[in-house]
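Asker: Got a structure for you, written out below as structure tokens; questions coming shortly.
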Amino acid sequence: MKVAVAAETDAGEPRVAAVPETVKKMLGLGAQVAVEPGAGVRSGILDADFTSAGAVVTADAVSGADVVLRVRRPQASELSRLKKGAIVIAIMDPYGHEAALRAMADAGVTAFAMELLPRITRAQVMDVLSSQANLAGYRAVIDAAAEFGRALPMMMTAAGTVPATRVFVMGAGVAGLQAIATARRLGAIVTATDVRPAAKEQVESLGAKFIAVEDEEFKAAETAGGYAKEMSKEYRAKQAALVAEHIKKQDIVITTALIPGRPAPRLVSKDMVASMRPGSVVVDLAVERGGNVEGVSADAVSDFNGVKVVGYRNVPGRLAATASSLYAKNLYAFLEVLIDKKTKALAVNWDDEIVKSTALTRDGAIVHPSFRPKSAA
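Count along the sequence shown from 1, then add 1348; that gives the number in the numbering used here.
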């Protein structure tokens, strides 16, 4: 059984799908591990580090591999290097990319999308969305603090008192909760909002104040899977009015709202940005899906009359070494599910809930029910 670790071809992707620690564990599962040259350099992992862990570093690592580990899905030009039937495990970003899914199916690869893992206890150790969003929330605060021209905590000095920075976090999922915790650790006064009722207790447990229109629609605003439902126009208008008034008084706003498979909801208008004091900062973590902030630019810090709007893509990649370490452990935990530890061979149980939830393509077809062509569904 050959497992390959691919070097990412996207210039904006510094992460890698394995680290020396997980290489050693894969060898323990009976795998031969091959790594493409330079795969880990941008995450601070040299080829020699992989070699020391027992991997073979070679340019044809993916050739003939039974399993290929990646951060992002392979591009069409890379599929020809994979053998038919090869298992590819990555963050596949399948929504709205039907042609890419079709290309993987036509290439005969078996593709697993790590972001489609079910929300069950057994899958928590594999949850790439949580491991990466956690880092994004942390980094958002660090980026905001770097752009903000003032100190975050209250400071009482002989020269006078420095007031604490006011931070407002919009969206209290994994990224938002980490942003709240990080801002609190840095001494800021933190408020937060979310459309899910369960988020209120989580926000308050971290020492932040919860801001929301808490009507009947709000009380039923969560899916069975734990995601936020899309709210009615009436609710959005009421919430927007409350938020608009609140944002005027904030120094830093961090937006984290995403709905799987849909464009990011617009949370902050240009008028809201204009209402903030010069020197304030807005960080948009949803820029890859269109952004929560009107006028945000990808991979740029824009200036709106003195208010900075930060819109970096791939924020976890801005902490590439840590992000790679966590992501690699997620992938290893998933790979364990596909391997029979007694025979040390691939033994995919297609009835396993984790396998069924994440399998995108198999035997030349798109098999996931959410992405199958209508004629095949």
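Cβ atoms here follow ideal geometry from the backbone N, Cα and C, with glycine treated the same way. Please read all numbers here as calculations on a predicted model, not as lab measurements.
Could you have a look at G1654 and say whether DSSP puts it in helix, strand or coil?
Answerer: Counting from one through the sequence shown, the residue named residue 1654 turns up at place 306. Correct three-state label for G1654: coil.
Asker: Restricting to Cα atoms, I'd like to know which of V1371, R1420, G1378 is closest to D1358.
Answerer: Working through the sequence shown from its first residue, we reach residue 1358 at position 10. Looking at the Cα atoms, R1420 is the closest of the given residues.
Asker: Roughly how many angstroms separate the alpha carbons of K1522 and D1699, rounded to a whole number?
Answerer: The residue given as residue 1522 occupies position 174 in the sequence shown. The residue given as residue 1699 occupies position 351 in the sequence shown. It is worth fixing the name first, because residue 1522 is Val in this sequence and not Lys. Cα-Cα distance, rounded: 29 Å.
Asker: If I measure Cβ to Cβ from E1361 and keep anything under 7 Å in the same chain, skipping five residues before and after, which residues do I get?
Answerer: Numbered from 1 along the sequence shown, position 13 holds the residue referred to as residue 1361. Taken in chain order, the residues that qualify are V1419, R1420, N1662, G1665.
Asker: Closer than 7 Å by C-beta to L1606: which residues in its own chain qualify, once you throw out the five before and the five after it? Chain order, please.
Answerer: Counting from 1 along the sequence shown, the entry for residue 1606 is found at position 258. Excluding residues within five positions, the ones whose Cβ falls inside 7 Å are A1612, A1634, R1637.
Asker: Report the rounded CA-to-CA distance for K1597 versus P1545, giving the unit in angstroms.
Answerer: By 1-based counting over the sequence shown, the position of residue 1597 is 249. By 1-based counting over the sequence shown, the position of residue 1545 is 197. Between K1597 and P1545, the C-alpha separation is close to 24 Å.
Asker: In angstroms, rounded to a whole number, what distance separates the CA positions of G1627 and G1535?
Answerer: Residue mapping note: residue 1627 aligns to position 279 of the sequence shown, counting from 1. Residue mapping note: residue 1535 aligns to position 187 of the sequence shown, counting from 1. Between G1627 and G1535, the C-alpha separation is close to 19 Å.
Asker: In terms of residue numbering, what span does the alpha helix (DSSP H) encompassing D1491 cover?
Answerer: The residue labelled residue 1491 in the question sits at position 143 within the sequence shown. Here the alpha helix (DSSP H) through D1491 covers 1476–1495.
Asker: State buried or exposed for S1672, treating a residue as buried only when at least 16 other CB atoms are found within 10 Å of its CB.
Answerer: In the sequence shown, residue 1672 corresponds to position 324, counting from 1. Burial call: buried.
Asker: When DSSP labels each residue in this structure, what does T1541 get in the three-state scheme?
Answerer: If you number the sequence shown from 1, residue 1541 lands on position 193. In the structure shown, T1541 sits in a strand (DSSP, three-state: E or B).
Asker: Could you check where the alpha helix (DSSP H) with A1547 kicks off and where it finishes?
Answerer: As a working note, residue 1547 is residue 199 in the sequence shown. From DSSP, the alpha helix (DSSP H) with A1547 extends over 1546–1553.
Asker: How would you call Q1423, buried or exposed, if buried means at least 16 neighbouring beta carbons within 10 angstroms?
Answerer: As a working note, residue 1423 is residue 75 in the sequence shown. That one is exposed.
Asker: Give the secondary structure of I1559 by DSSP, where H, G and I count as helix, E and B as strand, and everything else as coil.
Answerer: The residue labelled residue 1559 in the question sits at position 211 within the sequence shown. Correct three-state label for I1559: coil.
Asker: Which value, in whole angstroms, describes the spacing of the CA atoms of L1590 and P1442?
Answerer: Walking along the sequence shown from the start, residue 1590 turns up at place 242. Walking along the sequence shown from the start, residue 1442 turns up at place 94. Distance between the alpha carbons of L1590 and P1442 is about 35 Å.
Asker: Which residues share a DSSP beta bridge with M1503?
Answerer: Within the sequence shown, numbered from 1, the residue matching residue 1503 stands at position 155. Note: M1503 sits in a beta bridge opposite V1510.
Asker: For K1690, write down the residues that DSSP places opposite it in a beta bridge.
Answerer: Taking the sequence shown and counting its residues from 1, the one referred to as residue 1690 is at position 342. BP columns for K1690 are empty, so no partner.
Asker: Locate the alpha helix (DSSP H) running through A1424, then write down its first and last residues.
Answerer: For the purposes of this step, residue 1424 is identified with residue 76 of the sequence shown, where counting begins at 1. 1424–1427 is the extent of the alpha helix (DSSP H) around A1424.
Asker: Less than 8 Å separating the beta-carbons of I1439 and V1476?
Answerer: For the purposes of this step, residue 1439 is taken as residue 91 along the sequence shown, with counting starting at 1. For the purposes of this step, residue 1476 is taken as residue 128 along the sequence shown, with counting starting at 1. Yes.
Asker: Is the number of C-beta pairs between the stretch 1456–1469 and the stretch 1484–1504 that are closer than 8 Å three or more?
Answerer: In short, these stretches do not touch, since the Cβ pair count stays below three.
Asker: Please name the residue, chosen from I1437, L1465, L1464, E1463, that lies closest to M1452 on a Cα-to-Cα basis.
Answerer: For the purposes of this step, residue 1452 is identified with residue 104 of the sequence shown, where counting begins at 1. For the residues I1437, L1465, L1464, E1463, the minimum Cα distance to M1452 belongs to I1437.
Asker: Taking the straight line between their C-alpha atoms, what separation do you get for F1558 and A1354?
Answerer: As a position in the sequence shown, residue 1558 is number 210, starting the count at 1. As a position in the sequence shown, residue 1354 is number 6, starting the count at 1. Cα to Cα, F1558 sits roughly 43 Å from A1354.
Asker: Does E1446 pass the burial test, meaning 16 or more other C-beta atoms within 10 Å, or should it be called exposed?
Answerer: Reading the sequence shown from its first residue, position 98 is the one you call residue 1446. Exposed, since its Cβ has fewer than 16 Cβ neighbours within 10 Å.
Asker: In angstroms with no decimal places, state the Cα-to-Cα distance between A1401 and A1681.
Answerer: Position 53 of the sequence shown, counting from 1, holds the residue named residue 1401. Position 333 of the sequence shown, counting from 1, holds the residue named residue 1681. Their backbone Cα atoms lie some 18 Å apart in a straight line.
Asker: What does the alpha-carbon distance come out to for the pair Q1550 and A1471?
Answerer: Here residue 1550 is taken as the residue at index 202 of the sequence shown, counted from 1. Here residue 1471 is taken as the residue at index 123 of the sequence shown, counted from 1. If you take the alpha carbons of Q1550 and A1471, they lie about 22 Å apart.
Asker: Out of curiosity, what's the CA-to-CA distance linking N1653 and V1621?
Answerer: Stepping through the sequence shown from its first residue, residue 1653 is reached at position 305. Stepping through the sequence shown from its first residue, residue 1621 is reached at position 273. If you take the alpha carbons of N1653 and V1621, they lie about 9 Å apart.
Asker: Are the CB atoms of L1525 and L1554 nearer to each other than 8 Å?
Answerer: Locating residue 1525 in the sequence shown gives position 177, where the first residue counts as 1. Locating residue 1554 in the sequence shown gives position 206, where the first residue counts as 1. In this structure, L1554 lies closer than 8 Å to L1525 by Cβ.
Asker: Measuring only the C-alpha atoms, how far is V1715 from P1721?
Answerer: Along the sequence shown, one-based indexing puts residue 1715 at 367. Along the sequence shown, one-based indexing puts residue 1721 at 373. Each residue's alpha carbon lies about 9 Å from the other.
Asker: So, is G1686 buried or exposed, given that buried needs 16 or more other C-beta atoms within 10 angstroms?
Answerer: What you label residue 1686 is simply residue 338 of the sequence shown in a count that begins at 1. It should be pointed out that residue 1686 corresponds to Leu in this sequence rather than to Gly. L1686 comes out buried.
Asker: Take A1512 as the anchor and find which of Y1660, D1647, I1600 has the nearest alpha-carbon.
Answerer: Here the question's residue 1512 lines up with position 164 in the sequence shown. The candidate whose alpha carbon is nearest that of A1512 is I1600.
Asker: Looking only at C-alpha atoms, which of T1530, R1610, E1578, S1617 sits nearest to E1593?
Answerer: Within the sequence shown, the letter at position 245 stands for residue 1593. Out of T1530, R1610, E1578, S1617, S1617 has the C-alpha closest to the C-alpha of E1593.
Asker: Let's see if you can read the secondary structure: which residues bound the beta strand (DSSP E) around T1458?
Answerer: Here the question's residue 1458 lines up with position 110 in the sequence shown. Start and end: 1458–1461.
Asker: From M1518 to T1539, what distance separates their C-alpha atoms?
Answerer: Taking the sequence shown and counting its residues from 1, one reaches residue 1518 at position 170. Taking the sequence shown and counting its residues from 1, one reaches residue 1539 at position 191. Taking the straight line from one Cα to the other gives about 9 Å.
Asker: Which value, in whole angstroms, describes the spacing of the CA atoms of A1707 and A1461?
Answerer: Here residue 1707 refers to the residue found at position 359 when the sequence shown is read from its first residue. Here residue 1461 refers to the residue found at position 113 when the sequence shown is read from its first residue. Taking the straight line from one Cα to the other gives about 7 Å.
Asker: D1688 to V1641, Cα distance in whole Å?
Answerer: Within the sequence shown, the letter at position 340 stands for residue 1688. Within the sequence shown, the letter at position 293 stands for residue 1641. Answer to the nearest angstrom: the Cα atoms are 47 Å apart.
Asker: Along the alpha helix (DSSP H) that carries Q1526, what are the first and last residues, could you check?
Answerer: Locating residue 1526 in the sequence shown gives position 178, where the first residue counts as 1. Where Q1526 is concerned, the enclosing alpha helix (DSSP H) stretches over 1522–1533.
Asker: Any beta carbon from chain B within less than 8 Å of L1427's own beta carbon?
Answerer: In summary, chain B is missing from the structure at hand, where a single protein chain is found.
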